[in-house]
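K.L.:
Number of protein chains: 2
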Amino acid sequence: MKFAKIPMATIVRLSIYMRTLQELLEDDVDVISSERLAKQCGVNPAQIRKDLAYFGEFGVRGVGYRVNELVNQIKDILGLNRPWNLAMVGLGNLGSALIRHGNFIKHGYMFTAAFDIDPQKIGKRLPNGLIINHVDELEEIIKQREVHVGIITTPASEAQSVANQLVLAGINGILNFAPVQIQVPDCCHVENVDFTIKLDSIAYHLSFGS
Amino acid sequence: MKFAKIPMATIVRLSIYMRTLQELLEDDVDVISSERLAKQCGVNPAQIRKDLAYFGEFGVRGVGYRVNELVNQIKDILGLNRPWNLAMVGLGNLGSALIRHGNFIKHGYMFTAAFDIDPQKIGKRLPNGLIINHVDELEEIIKQREVHVGIITTPASEAQSVANQLVLAGINGILNFAPVQIQVPDCCHVENVDFTIKLDSIAYHLSFGS
DNA sequence: TGAATAATGTGAATAATATCACATTATTAG
DNA sequence: CTAATAATGTGATATTATTCACATTATTCA
Ligand SMILES: NC(=O)c1ccc[n+]([C@@H]2O[C@H](COP(=O)([O-])OP(=O)(O)OC[C@H]3O[C@@H](n4cnc5c(N)ncnc54)[C@H](O)[C@@H]3O)[C@@H](O)[C@H]2O)c1
Ligand SMILES: NC(=O)c1ccc[n+]([C@@H]2O[C@H](COP(=O)([O-])OP(=O)(O)OC[C@H]3O[C@@H](n4cnc5c(N)ncnc54)[C@H](O)[C@@H]3O)[C@@H](O)[C@H]2O)c1
């Protein structure tokens, strides 16, 4: 499916296109031009065509893109036409809010394990039926349940140690919400989410114009 | 403070440098080279020097950067040496978790207003002392309390309408957690946070290698 | 059928961004 | 004081990403 070296920005945009296309699908739109899609996504139409061109030809000249087909083709491109199993590590404020959230399931992500270190939390059952396990059992359970991606929502001070455990357990993808830069081997791909960095960008724009 | 057209990526990296520098400060490091900082931030050393060079000369040749000075200089660059007032709109799972979180205060962001539409929630007092107001009072309160940035944590279906209200109230910066692309006038700067897009990137990497 | 129209796919041009490489400046030690 | 060393700041270069512009292909309608 992958032919050349693909810009990371292209991958991110494909996700955005896909979400917009899924909304269009719900509104019973079945064909769309790169121009209209571009407007909705806030990008240049040629950008969309170029991004897709890395992976093949998906449109019909003179017509546009069939929405439902394109959604599936983007899913193929991104590897989303299969389930992905997630483990949440740290069931505090943020972890609990996330695991309760329906958007993950909707996009094919399934929480299959949850870990904490607080004795009060171990053994508790989450709204989705999952039971919180002690982080000592992390390696065993992650292998058993074939978890693919680990989500870190522990305090920052624990994030590196949790990351190490995840890597040891064979995890190759981590979504890190702790506000620290964690170090992992090359085989493991980390994405960071730090809201305050986004706020900093806003502050900069408000201070010094667009 | 701003001299040329600055890449957006530079602004984001400056935030990251700043956070790493703040950690170093806590560890009583008082001077650091671009090389060591680069390693900790996962970037190229020349990148750091170039990013800073857009705004002036902050280091000492042959020595490096004085950590505490550089933190302050980056704060000046980003417009962070002043308080920023935030309003949270939507006090559900996510909004409540966020407003309870200490990291915002730590970085100079202060919640000064909170809005919801659920009668059960209006009038409730949050852990930080803030009282939840009805979203009908949004414009008045935002002006009164000099809110600078609005945070949207309502369901996706409400996000555009909330954004419209924020813009009407004079807000020029929005942090949007709802998984939709909101449309605002050019005067308003929007940053989106969508965790599932990050998961998609991870899925892609796991499926098709680095 | 054929002309008019619409919209893709893509090579070429442009723009933006990152990296290299080294001249410059500060410090240390002999 | 001078040589050796360290690390910044920056012009030049390389790389990457975006946009343009148009040839190509599909559709519609006279
Ligand atoms: N809450 C937010 O809105 C928010 C926003 C931005 C970033 N963050 C970051 O997300 C992380 C979690 O935030 P929170 O507000 O949920 O904190 P929290 O204190 O409510 O939750 C942390 C949880 O991690 C558990 N934990 C601690 N050490 C652990 C370990 N070694 N293994 C497994 N579990 C462990 C704790 O028992 C607790 O349940 C923090 O790093 C925070 O900076 C949170
Ligand atoms: N919870 C998560 O972890 C998570 C993760 C990713 C994205 N999101 C997104 O964040 C948003 C909120 O998620 P949540 O889980 O907190 O949902 P939620 O349903 O728990 O909370 C939504 C809150 O918004 C309030 N609300 C509804 N309409 C409103 C309006 N017009 N004005 C003001 N308040 C209004 C509701 O009363 C409710 O309190 C959603 O868009 C969701 O997709 C949430």
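So the protein lines, in turn, are chains A and B.
Heads up: the first sequence begins at 0 in numbering that gives the first Met the number 0, then just goes up one per residue.
Heads up: the second sequence begins at 0 in numbering that gives the first Met the number 0, then just goes up one per residue.
Glycine residues also receive a C-beta, built at the ideal position from the N, C-alpha and C atoms.
1) Rounded to whole angstroms, how far is the Cβ of VAL66/A from the Cβ of ILE31/A, which I believe are closer than 8 angstroms?
2) Could you check where the alpha helix (DSSP H) with TYR203/A kicks off and where it finishes?
3) Please list the segments of the beta strand (DSSP E) lying wholly inside the segment 94 to 137 of chain B, counting only runs of 3 or more residues, in order along the chain.
4) For ALA158/A and chain B, any beta-carbon pair shorter than 8 angstroms?
5) Does the Cβ of PRO178/B have 16 or more other Cβ atoms within 10 Å, making it buried, or fewer, making it exposed?
6) Mark GLY149/A as exposed unless 16 or more other C-beta atoms lie within 10 angstroms of its C-beta, in which case mark it buried.
7) Indicate whether at least one CB of chain A lies closer than 8 angstroms to the CB of ALA168/B.
8) Compare the beta carbon distance of ILE5/A and TYR53/A with 8 angstroms and say whether it is the shorter of the two.
9) Any C-beta of chain A sitting closer than 8 angstroms to the C-beta of GLN39/B?
10) Using only the heavy atoms of ligand 2, determine whether one of them is closer than 7 angstroms to the beta carbon of PHE194/A.
11) Look at the alpha carbon of GLY207/B and the alpha carbon of LEU167/B, and state the distance between them as a whole number of angstroms.
12) Kindly list the residues whose CB is nearer than 6 angstroms to the CB of LYS1/A, restricted to its own chain and excluding five residues on each side of it in sequence; keep chain order.
13) Pair every Cβ in the segment 191 to 206 of chain B with every Cβ in the segment 64 to 81 of chain A, then say whether three or more of these pairs are closer than 8 angstroms.
14) Please report the distance separating the alpha-carbon of LEU36/B from that of SER95/B.
15) State yes or no: is the C-beta of LEU167/A nearer than 7 angstroms to some heavy atom of ligand 1?
16) Would you call the segment 109 to 116 of chain A and the segment 136 to 146 of chain A touching, i.e. three or more CB-CB distances under 8 angstroms?
17) Quick one: does ASP115/B have its CB under 8 angstroms from some CB of chain A?
18) For the beta strand (DSSP E) containing VAL189/B, list its first residue and its last residue.
19) Could you check whether the segment 84 to 93 of chain B touches the segment 112 to 132 of chain B, counting it as contact only if at least three pairs of C-beta atoms, one from each stretch, sit closer than 8 angstroms?
20) Should GLN180/B be flagged as near chain A, meaning a C-beta pair shorter than 8 angstroms?
21) Excluding the five sequence neighbours on either side, which residues of its own chain have a C-beta within less than 6 angstroms of the C-beta of ILE116/B, listed in chain order?
22) Pick helix, strand or coil for VAL70/B, following the three-state DSSP scheme.
23) Is there a Cβ from chain A that is less than 8 angstroms from the Cβ of MET0/B?
24) Residues of the segment 129 to 160 of chain B with a CB closer than 7 angstroms to any CB of chain A: list them in chain order, please.
25) Any idea what DSSP makes of ARG144/B, helix, strand or coil?
26) Quick one: is MET17/B buried, meaning 16 or more other Cβ sit within 10 Å of its Cβ, or exposed?
27) With a Cβ-Cβ cutoff of 8 angstroms, do LEU13/B and ASP50/B count as a contact?
28) For ASN71/A, tell me which candidate among VAL42/A, GLN21/A, VAL189/A has the shortest Cα-Cα distance.
29) Can you tell which of SER33/B, ASP26/B, ILE196/B, ILE47/B has the C-alpha that lies nearest to the C-alpha of ILE10/B?
30) Specify the secondary structure class of LEU36/B as computed by DSSP and reduced to three states.
31) Would ASP50/B count as contacting chain A if we go by Cβ distances under 8 angstroms?
32) Starting from the C-beta of GLY55/B, find all residues in its chain whose C-beta is less than 8 angstroms away, skip the five residues before and the five after it, and write them out in chain order.
33) Should ASN163/A go down as buried or exposed, given a rule of 16 or more other Cβ atoms within 10 Å for buried?
34) Starting from the Cα of GLY91/A, find the closest Cα among GLU25/A, GLN119/A, LYS105/A and give me that residue.
35) Relative to the C-alpha of GLN180/B, which candidate in ASP193/B, ASN171/B, GLY169/B has its C-alpha closest?
P.N.:
Looking at the atomic coordinates:
1) With a Cβ gap of about 6 angstroms, VAL66/A and ILE31/A count as contacting.
2) TYR203/A -> alpha helix (DSSP H) spans 194 to 207.
3) Runs of the beta strand (DSSP E) lying entirely within the segment 94 to 137 of chain B and spanning at least 3 residues, in chain order: 108 to 115, 131 to 133.
4) Chain B, which has no Cβ nearer than 8 angstroms to the Cβ of ALA158/A, makes this no.
5) It is buried - the Cβ of PRO178/B has at least 16 other Cβ atoms within 10 Å.
6) With a 10 Å radius around the Cβ and a threshold of 16 neighbouring Cβ atoms, GLY149/A comes out buried.
7) No, ALA168/B does not count as interfacial toward chain A.
8) Taking 8 angstroms as the cut-off, the beta carbon of ILE5/A is found closer than this to the beta carbon of TYR53/A.
9) Yes - at least one Cβ of chain A is within 8 angstroms of the one on GLN39/B.
10) The nearest non-hydrogen atom of ligand 2 is 7 angstroms or more from the C-beta of PHE194/A.
11) The question names Gly, but residue 207/B in the sequence shown is Phe. In a straight line, the C-alpha of PHE207/B is about 45 angstroms away from that of LEU167/B.
12) Residue placement at LYS1/A is poorly supported in this model, since its pLDDT is 46, which falls under 50; the coordinates are not used for a value here.
13) Contact between the segment 191 to 206 of chain B and the segment 64 to 81 of chain A is present, because at least three Cβ pairs lie under 8 angstroms.
14) In a straight line, the C-alpha of LEU36/B is about 35 angstroms away from that of SER95/B.
15) The beta carbon of LEU167/A sits no closer than 7 angstroms to any heavy atom of ligand 1.
16) Output reads yes: the segment 136 to 146 of chain A touches the segment 109 to 116 of chain A.
17) Output row for ASP115/B: interface = no.
18) Counting along the chain, the beta strand (DSSP E) containing VAL189/B begins and ends at 188 to 191.
19) Here the segment 84 to 93 of chain B lies against the segment 112 to 132 of chain B, with 3 or more beta-carbon pairs under 8 angstroms apart.
20) For GLN180/B, the answer is yes, since a Cβ of chain A falls inside 8 angstroms of its Cβ.
21) Closer than 6 angstroms at the Cβ level, and outside the excluded window around ILE116/B, lie VAL134.
22) In the structure shown, VAL70/B sits in a helix (DSSP, three-state: H, G or I).
23) Reliability fails at MET0/B, whose pLDDT of 46 lies under 50, so the model's placement of it is uncertain and no value is given.
24) For the segment 129 to 160 of chain B, which is checked against every Cβ of chain A, the residues closer than 7 angstroms are HIS147, VAL148.
25) If DSSP states are grouped into helix, strand and coil, ARG144/B belongs with coil.
26) With 16 or more other Cβ atoms from the protein chains shown falling within 10 Å of its own Cβ, MET17/B counts as buried.
27) Contact: yes.
28) It is GLN21/A.
29) Cα-wise, what sits closest to ILE10/B is ILE47/B.
30) Helix.
31) Among the CB atoms of chain A, none fall inside 8 angstroms of the CB of ASP50/B.
32) Correct list, in chain order: GLN72.
33) Looking at its Cβ environment, which holds fewer than 16 other Cβ atoms inside 10 Å, ASN163/A is exposed.
34) Nearest C-alpha to GLY91/A: GLN119/A.
35) Comparing Cα-Cα distances from GLN180/B to each of ASP193/B, ASN171/B, GLY169/B, the minimum goes to ASP193/B.
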